[in-house]
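Asker: In the working numbering, the protein residues as written are 51 to 650. Please see the structure below; I have some questions.
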Amino acid sequence: MEPVPTGQDPRSALDRQALRALLDAQRDRIGVYARTRPSRPHAPADPSADPPAPVPAPVQELLDAFPVAALLVAPLLGADGRITDFLYLTQNTRAVAYSRTHVPAASVSHWSGPVRLFDRFPVLEDTGLPRMLADAHHERAPQGPEIVEWFIPRAEGPPARLSNDVVVAPCGDHLLVTWEPGHRVRMAVAAQKLVRTCWAEWNVADGTVAPSLGFGHVLGLAPGVPVPADLLALADLAVPASLPELYRLLYDVFLRKRRSECALRLKGGYERVIRVVAEPARPRGGPVWAVRAVLVDITDDTRRRALAEAAGTEARRQRARAEALAEVADSLREAVLPRSPGGLASSGIDTAVVYRPDSTGSGVGGDWYKARKLPDGRLLLALGDARGHGLDAVTLMAKLRYALAGLVYTDAPVEQLTHWLNDMACDDGVESTATAVIARYHPERGLLRWTCAGHPLPVLLRDGRATLLPAPPGGPGLTLGVLPDQPYSASETPLAEDDVLLYSDGLIERRATDPDEDTTRLLDAAGDLLRTRPALRDHAGLQAYADALVARLDGPHRSDDVTLLALRHTTHRSSPDTDEPGTDEPETDEPGTDEQGTGR
């Protein structure tokens, strides 16, 4: 491996080494091909045959006057008149010069007189030259020009490649082979095809055209179809809607005598779009005699631009729709959910809530919670997350909250409430899934009965430690809306004074992370903050603790909303025996009373 030059980017050096290896491998393939090409043996020369007569001096002088390289070849005929071989008689000075420039030294012996053509250049026998020689002899008509590509092996190193435009013409009993490098012409044609560009000059006076070799290809004409001989014929190739553009271009060129351009759409099943850039050609002080133009096939560019514009329009439409849905969802959330917790202090519960929208800005989420006092003095405490974002998530969130608000008045246990919510989510559709923790607090006993439906378990802060509440018997239940008629079990947690319960959603759950590690991270952070912020005996301290915990665990790569509901058990202020419905705490869903919804 080559050492990396000082100051050069290591990645760039590796890329260059890869290119070198690729080129070296291809050279090896070419070398193997050249060495393994078979050479067909030729019959030895007949010693009794008369040697060919020397080329007369006037003929040689005529050959030397040719402006191109030339060989004089004589066909060797058998007794039946068939060609058996070709004799290389002589060459002109330009052929000698070409040989010195292109044929590697020592790869071909010095020419000292007539020799069999394919003995001197064996590889030429595998090209189209033998056929051209035979056809010219039999048909007595010139053949070509035709591209002949061949190589000459070197003693050392890669073979030399030669490529020429060859013409073979009968010359008495001989054949005249002329050639000139054809790569310029071929490269011009190839370039026009590669970049789909051509040029032409239309003579307005006599209605003729001088086109480039790639003219028909750019216009999409089939092989053999003549190119448009005049500007009217070009107009006939265009769709009618493009004719005004062509007229404007010619008006600018003929009358304003200035450069102009337009786009023409051509007829055909595969509609081509051609960009025409034209200028006038005229004598000084005279009229425009000809139109000189460059034509570029811009069909692919036009279609890509149209697709890009359509995609942009669709993206703007979708963005406007998403913004409208987000606005509706946001308004719906603001309409159905209160903004501030409170109203539970007389039952011995203080609450604090922290909400953070997802960092990707994908829309209003489905996080919600409910904390309210019931007529019998018990408290309903619930937190959940409806699947997804946007209007669908908010709609499902609202359905679950309002359903729970009504079902709780049946006085059914929390496991039955969760069962009913699951059946309702299943009936709502396959996409209507949600997680939840549903709890009822009994102030007279300081007891919390709760269920879990696919949600993170609550965290208990007690005696300076943070622990995860044990899951209900049988483990957490299935997420709401997955399978109908699912049983749920409840867990009972006694609460002591100043105990704090943390209900969270999105705070620790991350994609492609281990749930156990996420839970450990939450417990460590909650315990550490508890030691540094022990004063949780009032609402301000509880709210400050919740804010600090979310700030520590939140991050820029979160892909969901974050909700944290903190409940602190305070000194019980009233007895359920004296709690009359509607006397000490209002049962309302008005903003600023007893329940909170979050989500943006």
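Think of the CB as a built atom: it goes at the ideal place given N, C-alpha and C, for glycine as much as any other residue.
Three Cβ pairs or more, each shorter than 8 Å: is that satisfied between the segment 534–545 and the segment 573–580?
Answerer: Short answer: they don't touch.
Asker: According to DSSP, V341 sits in a beta bridge with which residue or residues?
Answerer: Partner(s): W252 and P330.
Asker: With 16 other CB atoms within 10 Å as the buried threshold, where does T529 fall?
Answerer: Under this definition T529 is a buried residue.
Asker: Using a Cβ-Cβ cutoff of less than 8 Å, which residues in the same chain neighbour P208 once the five nearest sequence positions on both sides are dropped?
Answerer: Here the set comprises R77, I80, G81 and A84.
Asker: Under a Cβ-count criterion, where at least 16 other Cβ atoms within 10 Å of its own Cβ denotes burial, should L599 be classed as buried or exposed?
Answerer: It is buried - the Cβ of L599 has at least 16 other Cβ atoms within 10 Å.
Asker: Can you give me the Cβ contacts of E567 inside the same chain, cut-off strictly under 6 Å, excluding the 5 residues immediately before and after it?
Answerer: Here the set comprises nothing.
Asker: Look up K420 in the DSSP assignment and say whether it is helix, strand or coil.
Answerer: Strand at K420.
Asker: Expressed to the nearest angstrom, what Euclidean distance is found between the alpha-carbon atoms of P537 and T517?
Answerer: For P537 and T517, the distance between alpha carbons rounds to 26 Å.
Asker: Does the contact criterion of 3 or more C-beta pairs under 8 Å hold for the segment 279–290 versus the segment 246–260?
Answerer: The segment 279–290, when compared against the segment 246–260, does touch it at the 8 Å Cβ threshold.
Asker: Would you tell me roughly how many angstroms separate the C-alpha atoms of G649 and A376, rounded to the nearest one?
Answerer: In this prediction, G649 has a pLDDT of 38, which is less than 50 and means its spatial position is unreliable; what the coordinates show is noted afterwards. Going by the C-alpha atoms only, they are around 11 Å apart.
Asker: Is the beta carbon of V456 less than 9 Å from the beta carbon of R437?
Answerer: Going by the sequence as given, residue 456 is Gly instead of Val. Not in contact: G456 and R437 (Cβ atoms no closer than 9 Å).
Asker: Under DSSP, the alpha helix (DSSP H) around P180 begins and ends at which residues?
Answerer: Residues L179 to E189.
Asker: Grab me the residues of I202's own chain with a C-beta within less than 8 Å of its C-beta, minus the 5 sequence neighbours each way, in chain order.
Answerer: Correct list, in chain order: V153, P154, S157, V158, F171, V173, P209, A210 and L212.
Asker: List the endpoints of the continuous beta strand (DSSP E) containing D435.
Answerer: Per DSSP, D435 belongs to the beta strand (DSSP E) from L429 to H439.
Asker: Please look up how many angstroms separate the CB atoms of A443 and T468, rounded, as I've assumed it's under 8 Å.
Answerer: Going by Cβ atoms, the distance from A443 to T468 rounds to 20 Å, so no, they are not a contact pair.
Asker: Check this for me: beta carbons of V509 and I488, under 9 Å apart or not?
Answerer: Cβ distance not < 9 Å, so V509 and I488 don't count as in contact.
Asker: If you draw a straight line from the C-alpha of G427 to the C-alpha of D435, how long is it?
Answerer: Distance between the alpha carbons of G427 and D435 is about 27 Å.
Asker: What are the start and end residues of each continuous alpha helix (DSSP H) run of 4 or more residues lying completely inside the segment 261–331, in chain order?
Answerer: As far as the segment 261–331 is concerned, its whole alpha helix (DSSP H) runs of at least 4 residues are 265–269, 281–287 and 293–304.
Asker: Within its chain, find whatever has a CB closer than 8 Å to the CB of T86; leave out the 5 residues flanking it on each side and keep chain order.
Answerer: Nothing meets the Cβ criterion.
Asker: How many angstroms separate the CA atom of Y419 from the CA atom of D473?
Answerer: Answer to the nearest angstrom: the Cα atoms are 20 Å apart.
Asker: Would A145 and L121 qualify as a contact pair, given that the criterion is a beta-carbon distance under 9 Å?
Answerer: Yes; because the gap between Cβ atoms is below 9 Å, this pair is in contact.
Asker: What beta strand (DSSP E) runs, 3 residues minimum, are completely inside the segment 99–178?
Answerer: Complete beta strand (DSSP E) runs here, min 3: 119–127 and 133–141.
Asker: Going by beta carbon distance, what residues of the same chain come within less than 8 Å of R515, once the five residues before and after it are set aside?
Answerer: For R515, where only same-chain residues beyond five positions count, the Cβ hits under 8 Å are G577 and L580.
Asker: Whole angstroms are fine: how far does the CA of A360 sit from the CA of L429?
Answerer: Those two C-alpha atoms are separated by around 55 Å.
Asker: Could you please give me the residues that DSSP links to Y491 through a beta bridge?
Answerer: L429 and L498, per the DSSP bridge assignment.
Asker: When DSSP labels each residue in this structure, what does I80 get in the three-state scheme?
Answerer: Note: I80 maps to helix in three-state DSSP.
Asker: Assuming contact is defined by CB atoms lying nearer than 9 Å, are A402 and L446 in contact in what I supplied?
Answerer: Result no, Cβ atoms of A402 and L446 do not sit closer than 9 Å.
Asker: What is the residue span of the alpha helix (DSSP H) that H505 lies within?
Answerer: H505 -> no alpha helix (DSSP H), and no H or E assigned at all.
Asker: Whole angstroms are fine: how far does the CA of D302 sit from the CA of A291?
Answerer: Near 19 Å, if we compare the C-alpha coordinates of D302 and A291.
Asker: Assign V259 to one of three DSSP states: helix, strand, or coil.
Answerer: Strand at V259.
Asker: With DSSP run on the structure shown, which of helix, strand or coil describes Y538?
Answerer: If DSSP states are grouped into helix, strand and coil, Y538 belongs with coil.
Asker: Starting from A462 and walking both ways along the beta strand (DSSP E), at which residues does that stretch end?
Answerer: Segment: none, A462 is in no beta strand (DSSP E) and carries neither H nor E.
Asker: For E481, report the span of its alpha helix (DSSP H) as first-last.
Answerer: From DSSP, E481 is part of no alpha helix (DSSP H); its letter is neither H nor E.
Asker: Along the chain, where does the alpha helix (DSSP H) containing E567 start, and where does it finish?
Answerer: From DSSP, the alpha helix (DSSP H) with E567 extends over P565 to T582.
Asker: Counting only the same chain and skipping the five closest in sequence on each side, list residues whose C-beta sits under 7 Å from that of R190.
Answerer: Here the set comprises P220.
Asker: Helix, strand or coil for V600, going by three-state DSSP, please let me know.
Answerer: Here V600 sits in helix by DSSP.
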